[in-house]
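Notes follow once the structure below has been shown.
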Amino acid sequence: MRIALLSDIHGNLVALEAVLADLAQTSPDSVICLGDVAVTGPQPRQVIARLRQLAWPIVMGNTDAWLLDPQPWNAEDEESRRLLAIEEWSALQMEMGDLEFIRSFQPLVKWTLAAGHNLLCYHGSPRSNTDLITSATGEEELREMLAGHSAAILAGGHSHRQMLRRFQNSLIINPGSVGLPFEIVDGQARNPLWAEYALITSHGEQLAVEFRRVPVDFAALSDAIQNANMPYARWWREYWR
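Residue numbers (the working numbering): 23 to 263.
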């Protein structure tokens, strides 16, 4: 059995289509989306429409929940104010059918793998879609986030960074971000031109995890940004290198 995990599409249909082309080659049996599908990118409604066609199980991310009740948050600097403007623009693109689809997302998605192994999917943590689990999260803090939940594989997104770590008898996976991957190069934040996801292969007692990075067409992404009429489009585009 092979399960694809992807997360944090963030309104980037160009990146999602790149992943879908790769999935056609890796041929997973099922695909699970870990949330944050529409907000922040140039193609929020287009991503929603594509996901409705695909009919994958989808976890409720924090920005998905925000779309159902968009409230301004405290933007203390110019970068935050620009991000808030883009998020509010994303919310204005939504129609009733889009919001109804988002309401169908689940806080947790559970999946049975081979040999009785279980997969538990969330966005931030099983406790909250705003929790952040990283390789540096302490054992005690992690225990509190996961309290009452166990599985052979625990999978979440939110950090936009690929990660694999062990916790007790479980593997914790973050597949990274499809539409808004993030890295620091020479002290500067940037969005690299790839889309990230992960594959879990479950065969008998064996479990294998593969992290994948798929090239994203910068020209196609630039066209999408230009055609979107999103605020601060040039500024958002400059992060992609």
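For each residue, glycine too, the CB sits at the ideal point set by N, CA and C.
I'd like to know whether the C-beta of residue i is nearer than 8 Å to at least one C-beta of chain B.
i     : result
Ala40 : This model lacks chain B altogether, as it is built from one protein chain only.
Return the residue from the list the options that minimises the CA-CA distance to residue i.
i      : options                        : result
Ala26  : Val36, His32, Leu42            : Leu42
Arg74  : Leu215, Arg256, Phe127         : Phe127
Val236 : Asn249, Thr48, Asp208, Glu100  : Thr48
Arg314 : Leu142, Glu122, Ala158, Met167 : Given that the chain is displayed from residue 23 to residue 263, the structure contains no residue 314 and the question cannot be resolved.
Asp58  : Glu39, Gly119, Ile80           : Ile80
Arg72  : Trp111, Asn96, Glu101, Ile124  : Ile124
Pro214 : Asp91, His139, Gly201          : Gly201
Glu260 : Ala246, Trp216, Arg212         : Arg212
Pro92  : Trp111, Glu205, Glu100, Arg103 : Trp111
Given a cut-off of 8 Å on the beta-carbon distance, is the pair residue i and residue j in contact?
i      : j      : result
Tyr219 : Leu35  : no
Phe189 : Leu221 : no
Leu281 : Val69  : The structure shown does not extend to residue 281, since the chain is modelled only from 23 through 263, so no value can be given for it.
Ser181 : Asn196 : yes
Asn151 : Asn96  : no
Ala250 : Pro64  : yes
Cys143 : Leu45  : no
Thr223 : Met185 : no
Along the chain, where does the beta strand (DSSP E) that runs through residue i open and close?
i      : result
Glu205 : 205-207
Leu216 : A small fix is needed here, since residue 216 is Trp in this sequence, not Leu. Looking at the DSSP string, the run of the beta strand (DSSP E) that includes Trp216 is 216-225.
Phe189 : 184-189
Leu176 : 175-177
Leu164 : Not the beta strand (DSSP E): Leu164 falls in the alpha helix (DSSP H), residues 161-167.
Thr134 : 131-134
Ile25  : 24-28
Identify the continuous alpha helix (DSSP H) that holds residue i and give its terminal residues.
i      : result
Thr48  : 35-48
Leu76  : 66-76
Trp258 : 255-260
Ile247 : 240-250
Taking DSSP's pairing of strands, which residues face residue i in a bridge?
i      : result
Phe233 : Ala220
Asn213 : Trp262
Ile195 : Ala177, Leu186
Ser52  : Ile25
Leu141 : Trp133, Ile175
Val81  : Gln128
(message) Could you tell me which whole alpha helix (DSSP H) segments of length 4 or greater appear in the segment 83-121?
(response) DSSP assignment within the segment 83-121 yields the following whole alpha helix (DSSP H) runs of 4 residues or more, N-terminal first: 84-90, 100-115.
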